[in-house]
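Student: If you're matching positions, the sequence shown starts at -7 in the numbering used here and goes up one per residue. One structure coming up, written as structure tokens, with questions to follow.
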Amino acid sequence: MARRWHAGLRHVVICMLATMLSVALARSADAVEPKRVLVLHSYGQNFKPWRDYAVAIRQEFERQTRWPIDVQDFSVVTARFDDNNVENQFVEYLAALFAHGAPDLVVAIGAPAALFVQQHRTDLFPSVPMVLTAVEERRVRWSALTQNDAVVAVRQDIPALFANIFRLLPETKTIAVVIGDSPNERFWLGEFRREIEPTMPNVKMTYWNHKSFPEVLKEAATLPPYSAIFWVQLQVDGSGAVHEGERALKDIHDVANAPIFSYDESFFGGETVGGPMTSATRTGRKTAEIALRILDGEAPADIKTPTLQYGPAKYDWRQLQRWGIPESRLPPGSEVEFRSPSAWEIYRWQISLITAVILLQSALISILVHERRRRVLAEVQSRQRSAELAHINRFSMAGELTASIAHELNQPLGAILTNAESAALILKSDAPDLKELREIVEDIRRDDTRASEVIIRLRSLLKRAPFEQSDLDLNQVAQETIEFLQPLATARDVELDPGIAAGTLPIRGDRIQLQQVIMNLIVNAIDAISGLAGPHRRIGLQTARDGDFAEIGVCDNGPGIMLDRFDRVFEPFYTTKPQGMGMGLAIARTIVEAHDGRIVAENKPEGGAVFRIRLPLSKAGRALA
């Protein structure tokens, strides 16, 4: 019994829950029932500028609404013609479509659609709220508005639109107005004539309302200089043909020889220059806001919307460039769009990287150039110091050669004195022997020349001059050095044995410095063998050619170089002489290396040392090889 009672109670509870769930679902379905909005378009759904307003309204619906909205679009195609019968049939058609339920809201976009719904308010949904939007305030029948009507009107400031043309193109003499011949276009033609023509007596105004579209294209292509085109709209041309505004504007732009201006942002972005314009985005946002307030229960008559004015002027950078209009002519606060990005904007990171690399390279190059200058300066200073040391070395050597130089000078000077005394005695005789006098004079001349050569060689040795290369014959340089040192060798009882190669050894170099190198080597050899016992103290000097190089060797038959001193003989201040400075061979190596040559020392197998110098032949010498 209890078990059957519990089962019955469970059945009752399940039924109650099912009933409650059904009620909740029904209420939920009622809550999400979409709001139906009837949108009436002027001319057609795909006709600019009203198409852009409709798109903006839909986008704002999706962004702002909290319930679903069912938008149904219809076009007031009767706006193209003056035919009341067709218009009445369109009213009957709409009434039949919504016979089983009126829409929650009617939105009329543009003046033709607004005039249509106002004219047929009593026949079309008299109690349904209506929003008239994107309609110029002059086209609104304000006296016919009801408590269920709200208006989002715009204001077309025709003088401001044409003032914009003259601001950008102050030399304009002709303005062609592109406008059609539909009822709405005829209204605006009258407004343009009334507001513009009296203010511009020096400008020729041309209206193309009675022309067919091919004639319009022809006129646009052949406008005189200093012309401008103002695009209003072209719905129905002079021949009665219907045109979609966007396509017609592009066709005119393709052939026009003058810039095109307009009044609506919908036509901005390719064909028109720009200026003050109405904005579909702003108008759509305001329209959606008002529509949602009405759908939420607010009375349309309580919603007061000020007439929408122009926003900041906008200009197409591409059109400014095409027609040579400087940006300095634009009004303050203007917005320039479609500006071609600069190379910096497109390749910012690449340019930054390349710039950084270039700067780094420039810095490195600057450092290298600075270091090179320092190195060159150091080399110049080093050469100057080397030249000074070489000069000092020559003075020191001249001191060592003083005795032999004095001896070599005394001989010709003594001979000159003896010959002069002999000539004086002959001249005192009664019959001087002229032949003998001539011989004496010739002897005096010869001895004077010999003394002069000694002085010239000494002056050359002591001469202080910068390093200066010239074309030389190494054989001649070696021969002159031997002749200069011959007296010293004779005084030291040393035999100089020159082995000068046949022909010439052309080189590029400094004669004085190369002579100093050879002289240093010979004097060192003389010093090395002067203390040796025996009669055969001998120094050999040989020159030779080896390929593209000239070689000269100075050898002696002395004790040679000790093995532990080979690495130090060319070091500065290293010497084996008690009174030596240790600079001779160091200076010799510096001079040879400055001539792109090489100097080496070695011992001969049979005894004695040999110093070899290897210098590159000059270009002329190589050519003779």
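Glycine included, C-beta positions come from ideal geometry on N, C-alpha and C.
Among the residues of its own chain, which have a CB less than 8 Å from the CB of G552, if the five just before and after it don't count?
Tutor: So the qualifying residues of the chain are N595, K596, G599, G600 and A601.
Student: Could you tell me which residues DSSP pairs with D243 in its beta bridges?
Tutor: Partner(s): none; D243 has no beta bridge.
Student: Contact defined as beta carbons within less than 8 Å: I believe T166 pairs with S219. What is the distance between those atoms, to the nearest angstrom?
Tutor: At roughly 4 Å, the Cβ-Cβ gap stays under 8 Å, so T166 and S219 are in contact.
Student: Which complete beta strand (DSSP E) runs does the region 195 to 275 hold, if anything under 3 residues is left out?
Tutor: The qualifying runs are 196 to 199, 219 to 225 and 252 to 254.
Student: Short of 8 Å in beta carbon distance, which residues of its chain neighbour E211, apart from the five on each side in sequence? Order them along the chain.
Tutor: Closer than 8 Å at Cβ, skipping near neighbours: A168, T198, W200 and K203.
Student: Is the separation between the beta-carbon of V99 and that of V47 shorter than 7 Å?
Tutor: Cβ distance not < 7 Å, so V99 and V47 don't count as in contact.
Student: In the DSSP assignment, the alpha helix (DSSP H) including E177 goes from what residue to what residue?
Tutor: Element bounds for E177: P175 to I188.
Student: Let me know the secondary structure DSSP gives M122 once reduced to three states.
Tutor: Strand at M122.
Student: Between D141 and L124, how many whole angstroms is the CB-CB distance? I'm expecting something under 8 Å.
Tutor: Contact flag correct, Cβ pair sits at about 7 Å.
Student: With H, G and I counted as helix, E and B as strand and the rest as coil, what does DSSP make of S462?
Tutor: Here S462 sits in strand by DSSP.
Student: Would you report the Cα separation of F562 and D440, rounded to the nearest angstrom?
Tutor: Cα-Cα distance, rounded: 40 Å.
Student: Compute the beta-carbon to beta-carbon distance between V144 and L300, rounded to the nearest angstrom, for a pair I have assumed lies under 8 Å.
Tutor: Indeed they touch by this definition, with Cβ atoms about 7 Å apart.
Student: Where does E434 land, buried or exposed, given buried means 16+ other C-beta within 10 angstroms?
Tutor: Exposed: under 16 other Cβ atoms inside 10 Å.
Student: What are the boundary residues of the alpha helix (DSSP H) that T582 is part of?
Tutor: G576 to A586 is the span of the alpha helix (DSSP H), which, as asked, contains T582.
Student: State the beta-bridge partners of E337 as determined by DSSP.
Tutor: E337 is not bridged to any residue.
Student: Tell me which residue opens and which closes the alpha helix (DSSP H) that V109 is part of.
Tutor: Taken as a continuous stretch (DSSP letters only), the alpha helix (DSSP H) holding V109 covers A103 to Q111.
Student: Beta-carbon within less than 8 Å of I343's beta-carbon, same chain only, minus the 5 sequence neighbours each way: which residues are those?
Tutor: Only A335 and W336 meet the Cβ criterion.
Student: If I measure Cβ to Cβ from L506 and keep anything under 6 Å in the same chain, skipping five residues before and after, which residues do I get?
Tutor: The answer, listed in chain order, is V469.
Student: Please say whether I518 and R560 have beta carbons closer to each other than 7 Å?
Tutor: Contact flag unset, no.
Student: Have a look at L426 and L409 and give me their C-alpha separation to the nearest angstrom.
Tutor: About 19 Å.
Student: List the endpoints of the continuous beta strand (DSSP E) containing V45.
Tutor: Val is not the amino acid found at residue 45; the sequence shown has Tyr there. Careful: Y45 lies outside any beta strand (DSSP E), inside the alpha helix (DSSP H) at W42 to Q56.
Student: Tell me whether R58 counts as near the ligand SAH, meaning its Cβ is closer than 6 Å to at least one heavy atom of that ligand.
Tutor: Absence of the ligand SAH from the depicted structure is noted, as is the absence of any ligand whatsoever, leaving it without description.
Student: According to DSSP, P608 sits in a beta bridge with which residue or residues?
Tutor: DSSP lists F541 as partners of P608.
Student: Would you mind working out which of F476, D463 and L533 sits nearest R503, comparing C-alpha positions?
Tutor: It is D463.
Student: Who are the near neighbours of A136 in its chain, counting only those whose CB is closer than 6 Å to its CB and skipping five residues on each side?
Tutor: The answer, listed in chain order, is Q110.
Student: Could you check which residue in P251, M269 and A250 has the C-alpha nearest to that of F259?
Tutor: With distances taken between Cα atoms, F259 lies closest to M269.
Student: According to DSSP, is P323 part of a helix, a strand, or is it coil?
Tutor: P323: coil per DSSP, three-state reduction.
Student: Where does K420 fall in DSSP's three states?
Tutor: In this structure, K420 counts as helix in the three-state DSSP scheme.
Student: May I ask you to verify whether the region 310 to 330 touches the region 253 to 267, counting CB pairs closer than 8 Å and requiring at least 3?
Tutor: Yes: the two stretches touch, three or more of their Cβ pairs being nearer than 8 Å.
Student: Assign Y302 to one of three DSSP states: helix, strand, or coil.
Tutor: Of the three classes helix, strand and coil, the one that applies to Y302 here is coil, per DSSP.
Student: In the structure shown, what three-state DSSP assignment does T164 receive?
Tutor: Coil, per DSSP.
Student: Should the region 245 to 254 be regarded as contacting the region 301 to 308, the criterion being three or more beta carbon pairs within less than 8 Å?
Tutor: Contact fails: fewer than three Cβ-Cβ distances are below 8 Å.
Student: Report the residue from F158, G182, A348 and A578 whose alpha carbon sits nearest the alpha carbon of M192.
Tutor: It is F158 whose Cα lies nearest to the Cα of M192.
Student: Is DSSP giving A494 helix, strand or coil here?
Tutor: The answer is coil: DSSP assigns A494 none of H, G, I, E or B.
Student: My understanding is that V170 touches V132, with C-beta atoms under 8 Å, so please give their C-beta distance in whole angstroms.
Tutor: The pair is not a contact, with the Cβ atoms about 25 Å apart (cut-off 8 Å).
Student: Following the continuous alpha helix (DSSP H) through Q64, name the residue where it begins and the one where it ends.
Tutor: From DSSP, Q64 is part of no alpha helix (DSSP H) but of the beta strand (DSSP E) over I61 to V68.
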